[in-house]
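Note sheet for the following structure.
Next up, the structure:
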């Protein structure tokens, strides 16, 4: 994610009170911790960063890296606590605020995510990631129409980000606007053909369009949507056949018959 690119690119040589040799040692340990994070050795990365903190070294990058490590370990409490420590040392930083929202939404903390996003957007109105996280939290809290308006603004800043379109499609689906959901999810699938979730969601939309057209007596259109629903759920199964949700959807859609 964009906020992580910044965190991994910066150095810890901002501690101006250190001698040059000591700076080099700190930098080496920090970048080793970064490397451990990259190869998913999260506990080792945490251990290295904590050793720097124990030695009295302190930088917002250290706490941010700890936050990302704990997030990967699904430890929300330690992840967000360390992100707050990073933000204390670099207030109103765009990357850290964005990272905070990423952590909050990943752990389904919708209310604090909304509150933080509403404080962050006026500071960085052109940041599409912030608006995406805001829209995600809003949609989960039932504010679908407001979420859609935020997605539109996010898409303007990042038109090729499949996540924006995937979320938009899911919101339209929940609103039973299946035609718009179909457009959004088709676009998302063209940008990311390796997402089982996108294909699964698109299959659900096609299934609903099949049933809608069937009720209207539009047999040809209904059968076309049913064929596409079966194709989409098969793609989802090929990508993640172990998912119980996909298995259930696949079984149900396969049982539907052409008119």
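In our numbering, the protein residues as written are -2 to 256.
From the three backbone atoms N, C-alpha and C, an ideal C-beta is built for every residue, glycine too.
Between which two residues does the alpha helix (DSSP H) carrying residue i extend?
{"i": "residue 160", "result": "159 to 171"}
{"i": "residue 128", "result": "125 to 137"}
{"i": "residue 230", "result": "216 to 236"}
{"i": "residue 122", "result": "Premise fails: residue 122 is in no alpha helix (DSSP H) and is neither H nor E."}
{"i": "residue 279", "result": "Since the displayed the chain opens at -2 and closes at 256, residue 279 lies outside it and no answer follows."}
{"i": "residue 95", "result": "91 to 103"}
{"i": "residue 154", "result": "141 to 154"}
{"i": "residue 47", "result": "39 to 51"}
{"i": "residue 209", "result": "193 to 212"}
{"i": "residue 189", "result": "Taken as a continuous stretch (DSSP letters only), residue 189 belongs to no alpha helix (DSSP H), as it is neither H nor E."}
{"i": "residue 70", "result": "Per DSSP, residue 70 belongs to no alpha helix (DSSP H) and is neither H nor E."}
Around the Cβ of residue i, are there at least 16 other Cβ atoms within 10 angstroms (buried) or fewer (exposed)?
{"i": "residue 156", "result": "exposed"}
{"i": "residue 125", "result": "buried"}
{"i": "residue 71", "result": "exposed"}
{"i": "residue 251", "result": "exposed"}
{"i": "residue 147", "result": "buried"}
{"i": "residue 36", "result": "exposed"}
{"i": "residue 257", "result": "Because the chain spans -2 through 256 in this model, residue 257 falls outside it and cannot be assessed."}
{"i": "residue 256", "result": "exposed"}
{"i": "residue 247", "result": "buried"}
{"i": "residue 149", "result": "exposed"}
{"i": "residue 254", "result": "exposed"}
{"i": "residue 68", "result": "buried"}
{"i": "residue 40", "result": "exposed"}
{"i": "residue 54", "result": "buried"}
{"i": "residue 6", "result": "Any answer about residue 6 is weak, because its pLDDT of 38 lies below 50 and its placement is not dependable; what the coordinates show is given next. So residue 6 ends up on the exposed side."}
{"i": "residue 333", "result": "No information on residue 333 is available, as it lies outside the stretch -2 to 256 that the chain covers here."}
{"i": "residue 187", "result": "exposed"}
{"i": "residue 33", "result": "buried"}
{"i": "residue 225", "result": "buried"}
{"i": "residue 58", "result": "buried"}
{"i": "residue 88", "result": "exposed"}
{"i": "residue 19", "result": "Note that residue 19 scores a pLDDT of 47, beneath 50, so its modelled location is shaky; the value from the coordinates is reported in the next line. The residue is exposed, with fewer than 16 neighbouring Cβ atoms inside 10 Å."}
{"i": "residue 76", "result": "buried"}
{"i": "residue 102", "result": "buried"}
{"i": "residue 56", "result": "buried"}
{"i": "residue 48", "result": "exposed"}
Just checking my contact of residue i with residue j at CB under 8 angstroms: how many whole Å lie between their CB atoms?
{"i": "residue 240", "j": "residue 193", "result": "7 angstroms"}
{"i": "residue 167", "j": "residue 198", "result": "6 angstroms"}
{"i": "residue 45", "j": "residue 26", "result": "6 angstroms"}
{"i": "residue 66", "j": "residue 43", "result": "5 angstroms"}
{"i": "residue 138", "j": "residue 111", "result": "7 angstroms"}
Cβ contact (3+ pairs, closer than 8 angstroms) linking the stretch 92 to 109 and the stretch 130 to 138:
yes
Does the stretch 200 to 210 touch the stretch 162 to 174, meaning 3 or more C-beta pairs lie closer than 8 angstroms?
yes
Count Cβ pairs between the stretch 229 to 244 and the stretch 210 to 220 that sit closer than 8 angstroms; are there 3 or more?
no
Specify whether the stretch 157 to 165 and the stretch 175 to 184 touch according to this definition: at least 3 beta carbon pairs, one from each stretch, less than 8 angstroms apart.
yes
Should the stretch 70 to 87 be regarded as contacting the stretch 110 to 122, the criterion being three or more beta carbon pairs within less than 8 angstroms?
no
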